[in-house]
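*Asks:* Start counting the sequence shown at 55; every next residue gets the next number (the numbering used here).
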Amino acid sequence: MTEKSEVKKSMFKLSDLLKGFEYECIRGNQDTEVSEVVYDSRKVTSGSLFICIKGANVDGHDFIPDVIKAGAKAVVVENDISDLDVPADVTIIKVKDTRYAMAFISAAYFGNPADELKVIGITGTKGKTTTTYLVKSILEQAGRKVGLIGTIEVIIGDTHIHANNTTPESYLVQQYFRQMADAGCDTVVMEVSSQGLMLHRTQGFIFDYGIFTNIEPDHIGPNEHKDFDDYLSCKGLLFKQCRVGIVNKDDAHWESVVKGHTCELETYAIEADADLKAEHMELISGGGKLGVAFDVKGLMDFHVEIATPGKFSVYNALTAIAICRHFGVEKDAVLGALLKAKVKGRIELVKVSDDFTLMIDYAHNAMALESLLSTLKEYRPHRLVCVFGCGGNRSKLRRYDMGEVSGRLADLTIITSDNPRFEEPQDIIDDIKTGIAKTNGKYVEICDRKEAIAYAIKNGEPGDIIVLAGKGHEDYQEIKGVKYPMDERDLISDVLANMQ
């Protein structure tokens, strides 16, 4: 993959980067030439355009003297900086919102790469990650080359980049788009968080398709959304930034989310009347596998089988089908991809026995764990066994609630360690036990996660479903500020090897 420094060598006229938004040149010359666009003051070099971004803890405006000293030739601000002594050869551009401006500046800087791609954006409380991988899988079966931006990673060809945010800063979004287009991608599917929409990370281009999966009260707090209405409103921004909107009509809030939309609108559902429906669902189990079969009706008409359990898996598959319909994908490509698609840490089935089923899932709060365990109980397992811990330096309430959920729904809970961080693992386990004590649930406590997994596998009984919850795609365990390598797939392999 070509690095950004190798891609951009020429100078840019500042005015060519200032398109698509309102601004005022309050000092200097907007036709000045700049060498690169930077929003991290530590990366400024001679000739840079520096954009002052206000973060949760740091304000870029505070570093204006430093970036000028480092050679910045232009600065984009939203604050009043009239009290600063700025050299005459430095241009100052004033905008209402520097994050909004950065999205357009970045798009222009990287040559508007979204124009070279079909861009799919998926928003919702749940289902974003799984659906992006399903869409990628289906479209690649049909011969397209698809990039991905999401919670777990960014995928550009054979390159996998660890993700820090579900939706990266607008500069990075545009950089990834450029790298994807240069690598021969013709499509990108990305998770679009409400935070990303609120902070204008997806401005500067139009989505070809915008998708809404569902919404539940989440991400409400001082550093995220002030209330549920704000959360709803931010999700809805996607439907003013896309050409075609595809929404889940079963969600009670779908009409509020698309209020004021500027796109064409399509719907999908299981319960409601919609353009695309899933009907006649049937649970499939046996041989260590769990799945669902259903019929697609409406805009498409065929029978589907998927190798992941539950109603939410049907929603994810139906969402992917609704999107891929627009790409003219043949039915056989859809069916083959849905059976093969596997998302790391999202109801990820790991074959350990023909007698019982084992899966890894990221469920790391009470809402997600309740949804998962309730779904699995529908398969009427001999026993439902839940192995989980909770993260340290996080709310104790989460521990109580997850303990109560597992105690109520699982036949056996194996309490273990997750990411203890700077807390003692046993203290966290004791908090989980407080939640379980509200139920009649049986439990054992095994602090070492590998030993806990070994116990679950060695004591697995025919017809059991065993869930390893909480870690999902994570491949580390965080203890006292250090992230130690720990992938549950490796732990399972080691356990199986020692059993032979």
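Note that CB positions come from ideal geometry on N, CA and C, so glycine has one too.
State buried or exposed for Leu451, treating a residue as buried only when at least 16 other CB atoms are found within 10 Å of its CB.
*Replies:* Position 397 of the sequence shown holds residue 451. Answer is exposed; the Cβ neighbour count stays below 16.
*Asks:* In the DSSP output, which residue or residues are listed as bridge partners for Tyr322?
*Replies:* Counting from 1 along the sequence shown, the entry for residue 322 is found at position 268. Answer by DSSP bridge pairing, in chain order: Asn302, Leu330.
*Asks:* Enumerate, from N- to C-terminal direction, the unbroken beta strand (DSSP E) stretches of 3 or more residues contained entirely within the stretch 125-157.
*Replies:* The qualifying runs are 128-131, 145-148.
*Asks:* Which value, in whole angstroms, describes the spacing of the CA atoms of Ile274 and Cys288?
*Replies:* Taking the first residue of the sequence shown as 1, we reach residue 274 at position 220. Taking the first residue of the sequence shown as 1, we reach residue 288 at position 234. Legend: pLDDT at Ile274 = 45, less than 50; position of this residue unreliable, value from coordinates given subsequently. One C-alpha to the other measures close to 12 Å.
*Asks:* Under a three-way DSSP split, which group does Pro276 fall into?
*Replies:* Here the question's residue 276 lines up with position 222 in the sequence shown. Only weak support is given to the placement of Pro276: the predicted model assigns it a pLDDT of 48, under 50, and the value that follows is read from those uncertain coordinates. Three-state DSSP puts Pro276 in coil, outside helix and strand.
*Asks:* I need the straight-line Cα distance from His279 to Leu253, nearest angstrom please.
*Replies:* In the sequence shown, counting from the first residue as 1, residue 279 sits at position 225. In the sequence shown, counting from the first residue as 1, residue 253 sits at position 199. Any reading at His279 must be qualified, since the residue scores a pLDDT of 49, below 50, and its modelled position is unreliable; the value itself is stated next. Between His279 and Leu253, the C-alpha separation is close to 11 Å.
*Asks:* Counting Cβ pairs, one atom from each stretch, are 3 or more of them under 8 Å apart for the stretch 247-267 and the stretch 141-150?
*Replies:* Contact between the stretch 247-267 and the stretch 141-150 is absent, because fewer than three Cβ pairs lie under 8 Å.
*Asks:* Check this for me: beta carbons of Lys294 and His307, under 9 Å apart or not?
*Replies:* As a position in the sequence shown, residue 294 is number 240, starting the count at 1. As a position in the sequence shown, residue 307 is number 253, starting the count at 1. Not closer than 9 Å, so no.
*Asks:* Can you check the stretch 172-257 for any beta strand (DSSP E) of at least 3 residues that lies completely inside it and give the ranges in chain order?
*Replies:* 172-177, 200-203, 207-210, 213-216, 241-245, all fully within the stretch 172-257.
*Asks:* Count the other CB atoms, across all protein chains shown, that sit within 10 Å of the CB of Ala326; report buried if there are 16 or more and exposed otherwise.
*Replies:* Counting from one through the sequence shown, the residue named residue 326 turns up at place 272. Label assigned to Ala326: exposed.
*Asks:* Is it the case that the stretch 377-392 contacts the stretch 479-494, given that we only count it when at least three CB pairs across the two stretches are under 8 Å?
*Replies:* As far as the Cβ criterion goes, the stretch 479-494 does not touch the stretch 377-392, which means the pair count is below three.
*Asks:* Please look up how many angstroms separate the CB atoms of Thr205 and Thr183, rounded, as I've assumed it's under 8 Å.
*Replies:* Residue numbering aside, residue 205 sits at position 151 when the sequence shown is read from its first letter. Residue numbering aside, residue 183 sits at position 129 when the sequence shown is read from its first letter. So it is a contact: roughly 5 Å between Cβ atoms.
*Asks:* With a 10 Å radius around its C-beta and 16 neighbouring C-beta atoms as the bar for buried, classify His334 as buried or exposed.
*Replies:* Locating residue 334 in the sequence shown gives position 280, where the first residue counts as 1. Label assigned to His334: exposed.
*Asks:* How about Ala328 and Thr185: do their beta carbons lie closer than 9 Å?
*Replies:* Position 274 of the sequence shown, counted from the start, is the residue given in the question as residue 328. Position 131 of the sequence shown, counted from the start, is the residue given in the question as residue 185. No, the Cβ-Cβ distance between Ala328 and Thr185 is not below 9 Å.
*Asks:* Pairs of beta-carbons, one from the stretch 349-369 and one from the stretch 393-402, closer than 8 Å: are there three or more?
*Replies:* Yes, since at least three Cβ pairs between the stretch 349-369 and the stretch 393-402 fall closer than 8 Å, the two stretches touch.
*Asks:* For Ser339, which residues from the same chain have a beta carbon less than 6 Å from its beta carbon, with the 5 sequence-adjacent residues on both sides left out?
*Replies:* Residue mapping note: residue 339 aligns to position 285 of the sequence shown, counting from 1. The residues are Tyr433.
*Asks:* Report the rounded CA-to-CA distance for Ile215 versus Tyr230, giving the unit in angstroms.
*Replies:* Position 161 of the sequence shown, counted from the first residue, corresponds to residue 215. Position 176 of the sequence shown, counted from the first residue, corresponds to residue 230. When rounded, the distance between both Cα atoms is 10 Å.
*Asks:* Taking DSSP as the reference, what is the three-state secondary structure of Gln531?
*Replies:* For the purposes of this step, residue 531 is taken as residue 477 along the sequence shown, with counting starting at 1. In the structure shown, Gln531 sits in a strand (DSSP, three-state: E or B).
*Asks:* Is the CB-CB distance between Val298 and Ala332 below 9 Å?
*Replies:* Numbered from its first residue, the sequence shown carries residue 298 at position 244. Numbered from its first residue, the sequence shown carries residue 332 at position 278. No, they are not a contact pair.
*Asks:* Quick check on the burial criterion: 16 or more other C-beta atoms within 10 angstroms. Buried or exposed for Gln480?
*Replies:* As a working note, residue 480 is residue 426 in the sequence shown. Exposed, because fewer than 16 other Cβ atoms sit within 10 Å of the Cβ of Gln480.
*Asks:* Could you check what DSSP says for Val312 in three-state terms: helix, strand or coil?
*Replies:* Along the sequence shown, one-based indexing puts residue 312 at 258. Of the three classes helix, strand and coil, the one that applies to Val312 here is coil, per DSSP.
*Asks:* Would you give the residue range spanned by the beta strand (DSSP E) that Pro516 belongs to?
*Replies:* Along the sequence shown, read from residue 1 onward, the residue named residue 516 stands at position 462. Taken as a continuous stretch (DSSP letters only), Pro516 belongs to no beta strand (DSSP E), as it is neither H nor E.
*Asks:* Which partner residues does Val358 have in the DSSP bridge list?
*Replies:* The count along the sequence shown starts at 1 and reaches residue 358 at position 304. Val358 is bridged to Phe348.
*Asks:* With a CB to CB cut of under 6 Å and the five nearest residues on each side skipped, what residues in its chain are close to Arg198?
*Replies:* As a working mapping, residue 198 is identified with position 144 in the sequence shown. Counting only Cβ-Cβ distances below 6 Å, and skipping sequence neighbours, we find Asp240, Thr241.
*Asks:* Applying the criterion that 16 or more other CB atoms from any shown protein chain within 10 Å of the CB defines a buried residue, is Glu515 buried or exposed?
*Replies:* Against the sequence shown, residue 515 aligns to sequence position 461. Exposed, since its Cβ has fewer than 16 Cβ neighbours within 10 Å.
*Asks:* Taking the straight line between their C-alpha atoms, what separation do you get for Glu207 and Glu528?
*Replies:* As a first step, residue 207 is located in the sequence shown; it is residue number 153 there, counting from the start. As a first step, residue 528 is located in the sequence shown; it is residue number 474 there, counting from the start. Approximately 11 Å, taken between the alpha carbons.
*Asks:* Determine the closest residue to Lys504 out of Leu251, Val498, Val312, Ile546, with distance taken between C-alpha atoms.
*Replies:* Here residue 504 refers to the residue found at position 450 when the sequence shown is read from its first residue. When each option's Cα is compared against that of Lys504, the closest is Ile546.
*Asks:* With three or more beta-carbon pairs closer than 8 Å as the criterion, would you say the stretch 97-111 touches the stretch 170-179?
*Replies:* The answer is no - the stretch 170-179 does not touch the stretch 97-111, with fewer than three Cβ pairs under 8 Å.
*Asks:* Out of Ile203, Asn218, Asn219, Leu550, state which residue places its alpha-carbon closest to the alpha-carbon of Met234.
*Replies:* The sequence position of residue 234 within the sequence shown is 180, counting from 1. That would be Ile203, whose Cα lies nearest to the Cα of Met234.
*Asks:* When the Cα atoms are used, what is the spatial distance from Val397 to Tyr187?
*Replies:* As a first step, residue 397 must be located in the sequence shown, where it is residue number 343. As a first step, residue 187 must be located in the sequence shown, where it is residue number 133. Taking the straight line from one Cα to the other gives about 7 Å.
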